[in-house]
Every structure is written in structure tokens, then in C-alpha cells.
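What follows is a short report on a single structure.
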Amino acid sequence: MSLRTTPFHSRTGPLSEGQAWRRWAGYVVASSYELSHDREYHAIRNSAALFDVSPLYKYLVTGRDAARLLDHVVTRNVGKAKVGQVLYTPWCDNEGKQIDDGTISVLGEQTFRMTSADPTLRWLHLNASGLDVKIEDVSETTAALSLQGPSSREILQIAAERDLATLKYFRLTSAQIRGIPVTISRTGYTGDLGYEVWVDAAQAVPLWDAVIETGRPFGITPAGMLALDVARIEAGLLLIEVDYFSSRHALIEAQKSSPLELGLGWTVATDKERYNGQAALEAERRRGPAWQFTGLTVGWDSLEQLYAEVGLPPRLPTQAWRTSVPIYDRGGHKQLGYATSGGWSPLLKRYMALAHLGSEHATGTEVRMEVTVEHRRKQAKALVTPLPFFNPDRKRA
Amino acid sequence: MKRYDAIVIGGGHNGLVTAAYLARAKQSVLVLERRPRVGGAAVTEEIFPGFKFSMFSYVVSLLRPEIIRDLDLPRHGLHILPLESTVTPMENGDYLAAWGDHDETRRELYRHSPRDAEAYDEYGRLMHFMAQAVKPILGMVPPDPTSFAPGDLVGLLKLGKHFRDLGGERLHALVKLMTMSSADFLDEWFETDVLKATKSASGIIGTFLGPRSPGTAYVLLHHYMGELDGVFRAWGFAKGGTGAVSESIASAARGFGAEIRCDAGVSKVIVGNGRATGVVLENGDEIPARTVVSSLDPRRTFLQLLEPDHLPSDFVSDIRRFKFRGSSGKVNLALDSLPSFTCMPGVGRQHRGAFSISPSLDYVERAYDDAKYGEFSRRPYMDIVFPSMIDPGMAPPGKHVMSIFVQYAPYALNGGWTDAKREAFGDAVVNTVESFAPGFKSLILHRQVITPLDIERITGLSEGNIFAGELALHQLFFLRPAAGWAKFATPVRGFYQCGSGTHPGGGIMGASGRLAAMRILKDGT
């Protein structure tokens, strides 16, 4: 295989019933292990789903100026973060256009782990000139599992032989699982109660075995990217190259977005000194962003009606789609924006979509989304809905 | 004392649905439930410490998608999980399996009969059309065919046009489906006995009929109606058991402002000048209301809550003739670990679906033969699921709960039900399972056996009929529960019925409750 497999592949490989793999950052990971991702999806909301998230790019940033470097690169305030905290943050170019988004784990006063969707080593080095900092690409030497769902805490507590109730949302701790040193962070990409476990790649397989064996009585279910994709839409979490384009890959200006346009205004710090894109973002905040990133709920009755006209029951996307779909005003003529992800939520029993609309269209506004019904373009009613679609108390409790 | 716009008697799922829709329309609503918890026959109870059971009704069959949407039940905790496979162990040690994956099912069927494997798709297509033909009726207030009232005539015309539009072929198939036995209907399609037995079993559930009794074919359709909802999936297993469905509806009703009072049994409906004006509780309290709605079954609604002189005598005799004839029992087990079936040894994905104990048509018909003459089946038909395999929260980690729906256990058992007879019935069930899964009995930590008499005593369902009145053709649509009174109103003004004993009835659908609420709101009483 010319693409790389992850350190868990000796375990995940044999589980794949249909040999359905998806590319991620030069690796292959399971699309779904079973022929349908249905059960894997429900495990996220019902028990616990185990994802191999090793392909994430990971950088270890250490040294006296480590926080200074990161603060210069990302939009959140790293200097203010305490040891044990995890920050979700975007980072921008000098024009305030988003390059990527990821997390920064504060492992020590001068030790940080940054994750990203795209390779970021060169960008970090470019920003580090003159700083006392060491940047190490640990992408291949660090493996990661994500355990998501209502039973995730119970399972990890047994596996790590310690109480995790005090580990708050977006905090991390070091622990041992069957003698294997790990970092456990209360993070994830599902909007549910969940944890990510970071481990030396050499110990990946025994860690997988320990988590699976502990989790079996709790219904732990290895899950792939198709299930994750539905959950992250429910959680209103955006995906690079799908919901937005990295400004470093954009070929035209219109392909770029700012964090303010992507619903990430809360991550743009107002209380720190110079960082990439600061002036542009401050100016944009003052005048108000042109776009907003929002949820849409496609009206069932409207969809049912469109299908009834051709004599069919409504057909719904069982897998999340990732294409650009035009959104029109309620008259159906003027285009207001476009949706970039969408799908049926088996939990909420709702057809949801994530969309970019002009910022003037408030929650509750009725719009039209293009749908194809029996080869013909139609428009279904949809309502502008605040994100996230699903936000259970247990996520933060 | 507060006078409510509406009092709903009974907090089963239909009563709660009616309450939620009325409250949503800004009516002041009070639900009165006799038991300490809402749900009626859709309840989850921790019968044995750490083990939770959907005591009676155990799968969500046809909960109407419009109710899920209108009441936004997922926000109130409803999570329907897939229940995808069915394995039928055969007496020769082989099995027949239907899996979630279509190709896998077809290949499995091919093993038994290449011909049936092909017929399976065509049959599925026909049933799709049949379900499509019948589905609108589920959401319709039944028009009275003898009436010349404009509403009835419009309803009948719509219905007539609907059936005419089906075209000859499909209309003929529908008539067959309405009149044939499931065994005969399936004979026209398949040759594999175990397939016919398993399919026909879904046609006998809740009836006092066997697979060779005419009228059972119609009930086969119910499964396909669930499939019409397709990806909406209103069919499956509710996280937290069926009690969680009731709780979610109750939560929605409360969200709209309805009050729900448990431990508040109603003894009588107060009637003055031919009009319901409130209720009397079992403790003697009186609560006034503009409208009173009963979700109890027709017998209790009309013969227990009202005095006979409030009703026309021909109506009373119709209700007296309404058939209940409970025929199903339930055995709920707490297990130390999962049983291994001879036909498919070990523990695996088969335990995440149903096991159907229906090895042959003769087996199922013989089970009925016992019941016909007043005995419980010595070797009964059973539908077995392991809810803890789908929602691990139903049992302590590593332990399991097993739900066994059993037929037949006649309400009118020879000599009547006693504690000893109940345990003998439980033994027959457990021994039959043991014959397909040796060693199973040693895994049982706790056993609860429920007879139709127990169903009646606990939930109030007359004769323990799980559908609040048999789902037989002469008791459906404009005849449910009685000719002329199938539109949720009753001969007493301001008194309505909303339970499963009204159209369309059956399963955790909520359609009766919703239609009743719409009727009440339309009448504006």
C-alpha cells in the first residue's frame, strides 16, 4: 500500500468487513468497519465509539518562547492558558483569513502539543525566527484514539484506574493504562462526552487492546469516518477542505474565510498582543463579518411533498454529503449562500445542513435549499437554525 | 378547584400524545394515571436490581414520524436504536437469518431456496405498494360508510379515489391481503417453510388466531409500514426501553404546559345532562373539566367509567361484544451471560437482533391449537431480544436482560390462571428456549413471568389484550371500537376516546392519540 497505515492498523485492519477505507493526511483509516456505518453512529450517542485519529498532524513545541510563538500564530490566548488546558483554535494569515484549525494542549509551562489538519511545521518555523523554541514533528511517533459517547468516562476510568469526573471539558491529564503512559484529554469531534488518548506509537496496539477489552461490557464499538461525519454535523463542527478552504490553498480571494465568518468569533482573542491577522480581524469585527456559518433544518413536509409529486416516499441522505449546494431566499430566486455539509440525523430525526449565508439572515429565517428529486432540481424549504443541532448536558457535565 | 379544558384518563403513550397535542394548542390539560409512573404498557421497570426491563411492549414499531416531529421527541430524550436481524433456529439445527444487509439476506435465503431468494425482492416490492396503499388510512379519521354527512362523504370519496388509483393488480393484492390467512398468502410467494413460518408469525401477534386463520395476512403489512418510513426509522429499540418513549412524550406534554398526576386512578366520569363535566378520582376527589378523554380500552371506557344509562343500549351491546381475548404472555429474564444457540454457536451479532422461535408453520399452528382449547402452548411461538446488547445501560456491565414475547397464553385458561399455572407457563417457555440453546437455563439470575391476567391486573388492559382490543378485521377502521363511533367522539358530549381501542390502534404508534386530539380541537368543545 503506498499510503501509510496507522499504528493501530494491525487491529483495525481485520475489523474492516467491506475494506472501505478513507484517506486522511496521507494515511488510510476506516470509513466504516461494518458494511453500514449505522451502528457505529449510534454507538457515539448510545454507548461509546472508538476512533483511530492518529493521522492528525502533531507538533511538540517546547522552550522558553513556546507560548510566545503559539500566541503569535493562533487567534486564542495561549499565554493565559493553564497547564492541563486544551485550546481549540484557528490560525490565520496576515489578512485574517483562516489557514487551519486544531488544538493546543498545554502539557507544561514550556511544553505544548499542537494538532492540525494540514502540515504546519514550515508555518511554525517561519513564525519562530529569533525565538528560543524547539519545534518537533511528532505526527508519526504519537498515536491517538478518540473514545466518544455517554459510556466513555466509565470505560476510561476502569482502564486508567482513576476517577475522571474531575477532568473538565477541554482539560487533560497524564495517566497510565495497563502500565502504558498516556495523556487523556477531554476532547473530541462529536459534541458528546468523550476523550482522546495520546500514546507513543510503539505502545499503540496494547493500548487498543486494553481499551477494547475494558469497553466490551459497555458496548464499545470501533467506528469509522462515516459515523464521525454525521456526529460532527450534529455538533456543528466544521471541517477543513469541506466547510472552508485553507487560505494557503485558495486560488481566488473568494475561497477564503475568516474565523468571524465561520462562527469562530469566540476564538479570536481581544486581550493579547500582536498575532497573525490581528489588524484585519479587529477591523472585520468592527464592521461585522459579511458571512455567517449556520445550521439549516430542511423541512420534512416540504421534502415529503416534493417526493410525493413523483410518487415516492422521501429519500434522505444516509451518509453525510460534502458538496456545495445553493441556498435561495424564500421566493426561490435570489441565492443567499451555499451549504457545504449535510445529512440525516438518525438521532434528531432531522435533515440538517451546515451553510454559509449572508450575515443578515437571522435564526428562524425561511430559505430554500436545492435538492435533486428523481433527476430534477427542486427546492425544499429550510429554516436557519443555530448551531449546534445537538448539545447534550453530558458533554460538559 | 381548577377546571381544566381537558382531563385525559390514563397516562399510556396514547393518552400522553393526546395531552401533548391539546396542551400544544394552549389548552389546560391534566393527565391522570392510576399507576405510580406513566407509560401504561410502554414502561421500563427495574424488576431485579440493576436490570431494567421493557415490562410489556418491547419494540417501537410504528411510532408516527409526524408525532416525533410535532412533539420534537428527540429533544425530550427519544433515541431509537436499530434492531436489524432476525434469526430463526430450526429443529434440525440449521437456521434462517435475515440481516441488515440486503445482499447478505438474499444469499442466506438462497441457501434454503434459490427461487425464494428471488421472490423475496418481488414480494418486498408488492408489500411496499400495499403499505403505501394503506398508510394514508393510518392518519385519517375513519369516515362512516353509512352516513350522508358531508364530512363522511368527502372522506369516503377520497378513500374511493385512493383505492381506484391503485389500479387493478394492486387492488386485487390488497383484497387478498385483507381476507387471506398469512400462511395462504405466503404460500403464493415462497416454498421455504421456515421462512413462511417466521413471516407469518408477525401476522398473529396480539390476536387469538393462528397463521392459517383468515385475516392474519393483513397484519403482515404492519412490518412493511415501518419500512416505508425508511431511513426515518420509527422502528427499533428505544434507548432506555419503551418506558423512555412514554417519558419523552410526557416530557413534551409538560413542556407545552400539561400537568401529569400519577397515583391518581379515576373511578367515574361525571355526566350531567348528557355531557361530561369532570371526573371522580378513586380517593373521592372530583375534578371538573370541559372535556374528558379516556385512553383506556373500550370496555373500561364505556362500561366502567360511565353508568350504563348514559349510553344507548345498542352501543353498549356493541361494546360488550368487542373482542379482547388476550393471547400473549411475556417472560423477562436477568441473565448472567448470553446464551449460545445450537444453530449459531457462540455470542455475536445475532444477539443484537431478534431470535424468532418459529421453526415451521406446523410448529406455530400447533402452538395455536393448544390455545384454541384453553391451554397455553406447550411449545410456544416466541420473539426473543436482548435489549442490553443494544442499549448496554439496561443491565450491569457484562450482564444481560432477555425479553421473550410468547404466544399463546390464553386469557381464558382452562381452570383459570393461578400462581402455579403461571410458573408452569414460565417453565414451558424456558424449556423451549433450552431446547434451542442448551445450557441457557443455568444463566438465569431472575425470572418474571407475565400472563394475560397479569397484563390486565397491572396495566388495566381488558383480558390482557396488548392492542386494547383484538386487531381483527371486524374491529378495525370505521368499526373500531363500534360502528358509528369510530371518530373518537362518544354518545356522551364532551367525552372522547383516544386509546389503542380506537382507529388505527396497535403498537406504540400514538396515531389514535393524535387523531383524537385533532378531533377534539376541531370540535372545539
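Going down the list, the protein sequences come from chains A and B. Each step along the first sequence adds one to the number in my numbering, with nothing skipped, and position 203 is 226. Each step along the second sequence adds one to the number in my numbering, with nothing skipped, and position 476 is 541. Glycine residues also receive a C-beta, built at the ideal position from the N, C-alpha and C atoms. For clarity, every value in this text was computed on a predicted model and none was experimentally measured.
Return yes when the Cβ of V228(A) is within less than 7 Å of the Cβ of S39(A), no when it is not.
-> As a working mapping, residue 39(A) is identified with position 16 in the first sequence. As a working mapping, residue 228(A) is identified with position 205 in the first sequence. Contact: no.
Residue range of the unbroken alpha helix (DSSP H) whose run includes D75(A) | In the first sequence, counting from the first residue as 1, residue 75(A) sits at position 52. Counting along the chain, D75(A) falls outside any alpha helix (DSSP H), though it belongs to the beta strand (DSSP E) covering A71 to D75.
Alpha carbon to alpha carbon, how far is K91(B) from I352(B)?
-> In the second sequence, the residue the question calls residue 91(B) occupies position 26. In the second sequence, the residue the question calls residue 352(B) occupies position 287. Straight-line Cα distance between these residues: approximately 19 Å.
Ends of the alpha helix (DSSP H) at E488(B)?
-> In the second sequence, counting from the first residue as 1, residue 488(B) sits at position 423. Counting along the chain, the alpha helix (DSSP H) containing E488(B) begins and ends at D484 to F501.
Chain A contact for R134(B) (CB, 7 Å cutoff) = Position 69 of the second sequence, counting from 1, holds the residue named residue 134(B). For R134(B), the answer is yes, since a Cβ of chain A falls inside 7 Å of its Cβ.
What does DSSP give as the partner residues of Q442(A) in its beta bridges?
-> Absent from the model: residue 442(A). The displayed extent of chain A is 24 to 420, so no value can be given.
In the DSSP assignment, find the alpha helix (DSSP H) that holds Q358(A) and state where it starts and stops.
-> Walking along the first sequence from the start, residue 358(A) turns up at place 335. Unbroken run through Q358(A) is the beta strand (DSSP E), Q358 to S368; no alpha helix (DSSP H).
Between the Cα of L261(A) and the Cα atoms of L144(A), A302(A), I275(A) and S281(A), which residue gives the shortest distance?
-> Position 238 of the first sequence holds residue 261(A). Residue S281(A) is the option with its Cα nearest to L261(A).
Minimum C-alpha distance to G439(B) - residue among W482(B), A399(B), M459(B) and P410(B) | Locating residue 439(B) in the second sequence gives position 374, where the first residue counts as 1. Of the candidates W482(B), A399(B), M459(B) and P410(B), the one whose C-alpha sits nearest the C-alpha of G439(B) is W482(B).
Within its chain, find whatever has a CB closer than 8 Å to the CB of R584(B); leave out the 5 residues flanking it on each side and keep chain order.
-> As a first step, residue 584(B) is located in the second sequence; it is residue number 519 there, counting from the start. The residues are V206, K552, F553, A554 and Y561.
Beta-bridge partners of V152(B), as assigned by DSSP = Locating residue 152(B) in the second sequence gives position 87, counting from the first residue. Note: V152(B) sits in a beta bridge opposite A162(B) and F420(B).
CB of F413(A) within 7 Å of CB of E219(A), strictly = On the first sequence, position 390 is the one that residue 413(A) refers to. On the first sequence, position 196 is the one that residue 219(A) refers to. No, the pair does not count as a contact, with Cβ atoms beyond the cut-off.
Cα separation between S405(B) and A71(A)?
-> The residue you call residue 405(B) lines up with position 340 of the second sequence. The residue you call residue 71(A) lines up with position 48 of the first sequence. In a straight line, the C-alpha of S405(B) is about 25 Å away from that of A71(A).
If we call anything under 7 Å between Cβ atoms a contact, is G76(B) one with E98(B)?
-> The sequence position of residue 76(B) within the second sequence is 11, counting from 1. The sequence position of residue 98(B) within the second sequence is 33, counting from 1. The answer is yes: Cβ separation under 7 Å.
Cutoff 7 Å: L285(B) Cβ touching any chain C Cβ | Note that chain C does not occur in the displayed structure, where the protein chains are A and B.
What three-state label does DSSP hand M205(B) in the structure shown?
-> In the second sequence, residue 205(B) corresponds to position 140, counting from 1. Here M205(B) sits in coil by DSSP.
Terminal residues of the continuous beta strand (DSSP E) containing Q600(B)?
-> With chain B running from 66 to 590 in the structure shown, residue 600(B) is simply not present.
Helix, strand or coil: how does DSSP classify S347(A) here?
-> In the first sequence, the residue the question calls residue 347(A) occupies position 324. It is coil, neither helix nor strand.
Please name the residue, chosen from V345(B), G458(B), S178(B) and I132(B), that lies closest to A84(B) on a Cα-to-Cα basis.
-> If you number the second sequence from 1, residue 84(B) lands on position 19. Looking at the Cα atoms, I132(B) is the closest of the given residues.
Whole beta strand (DSSP E) elements within the segment 516-583 of chain B, 3-residue minimum = 560-562
When DSSP labels each residue in this structure, what does P204(A) get in the three-state scheme?
-> Indexing the first sequence from 1 puts residue 204(A) at position 181. Strand.
Neighbourhood of R417(B) by C-beta, 8 Å cutoff - its chain only, sequence neighbours within 5 removed | Within the second sequence, the letter at position 352 stands for residue 417(B). Cβ within range, chain order: L148, E149, S150, F451, M454 and I455.
Length of the line joining the Cα atoms of F74(A) and S54(A) = If you number the first sequence from 1, residue 74(A) lands on position 51. If you number the first sequence from 1, residue 54(A) lands on position 31. C-alpha separation (whole angstroms): 11 Å.
Whether Y476(B) touches P517(B) by CB criterion (7 Å) | What you label residue 476(B) is simply residue 411 of the second sequence in a count that begins at 1. What you label residue 517(B) is simply residue 452 of the second sequence in a count that begins at 1. Going by C-beta atoms, Y476(B) is nearer than 7 Å to P517(B).
Show which residues of chain A have a CB atom less than 9 Å away from the CB atom of L260(B).
-> Translated into the one-based positions of the second sequence, residue 260(B) becomes position 195. Those within 9 Å of L260(B) in chain A number zero; the least Cβ separation is about 22 Å.
Cα separation between H177(B) and T257(B)?
-> Here residue 177(B) refers to the residue found at position 112 when the second sequence is read from its first residue. Here residue 257(B) refers to the residue found at position 192 when the second sequence is read from its first residue. Going from the Cα of H177(B) to the Cα of T257(B) covers about 7 Å.
Where V348(A) and K401(A) are concerned, what is the direct C-alpha to C-alpha distance, given to the nearest angstrom?
-> As a first step, residue 348(A) must be located in the first sequence, where it is residue number 325. As a first step, residue 401(A) must be located in the first sequence, where it is residue number 378. Answer to the nearest angstrom: the Cα atoms are 12 Å apart.
Cut-off 8 Å between Cβ atoms - residues of its own chain near D294(A), not counting five sequence neighbours on either side | Along the first sequence, one-based indexing puts residue 294(A) at 271. Closer than 8 Å at Cβ, skipping near neighbours: N100 and K103.
For K401(A), which beta-bridge partners are listed by DSSP?
-> Against the first sequence, residue 401(A) aligns to sequence position 378. According to DSSP, K401(A) bridges with V394(A).
Going by DSSP, name the residue or residues bridged to Q199(A).
-> The sequence position of residue 199(A) within the first sequence is 176, counting from 1. DSSP output for Q199(A) lists P204(A) as bridge partner(s).
Counting along the chain, where does the beta strand (DSSP E) carrying N397(B) start and finish?
-> Here residue 397(B) corresponds to residue number 332 of the second sequence, with the count starting at 1. Looking at the DSSP string, the run of the beta strand (DSSP E) that includes N397(B) is S393 to L400.
Identify whether M375(A) lies in helix, strand or coil by the three-state DSSP scheme.
-> Locating residue 375(A) in the first sequence gives position 352, counting from the first residue. M375(A) falls in the strand class under three-state DSSP.
Do you know whose CA, among E307(A), Q315(A), D223(A) and G217(A), lies nearest T408(A)'s CA?
-> Numbered from its first residue, the first sequence carries residue 408(A) at position 385. Cα-wise, what sits closest to T408(A) is Q315(A).
Are the Cβ atoms of D141(A) and D123(A) separated by less than 7 Å?
-> By 1-based counting over the first sequence, the position of residue 141(A) is 118. By 1-based counting over the first sequence, the position of residue 123(A) is 100. For D141(A) and D123(A), yes; Cβs fall inside 7 Å.
Look at the alpha carbon of M24(A) and the alpha carbon of P37(A), and state the distance between them as a whole number of angstroms.
-> For the purposes of this step, residue 24(A) is taken as residue 1 along the first sequence, with counting starting at 1. For the purposes of this step, residue 37(A) is taken as residue 14 along the first sequence, with counting starting at 1. Low local confidence applies: a pLDDT of 49 at M24(A) is under 50, so the model's placement there is unreliable, and no value is given.
Are the C-beta of N414(A) and some C-beta of chain B separated by less than 7 Å?
-> Taking the first residue of the first sequence as position 1, residue 414(A) is located at position 391. Answer no: the Cβ-Cβ gap between N414(A) and chain B never drops below 7 Å.
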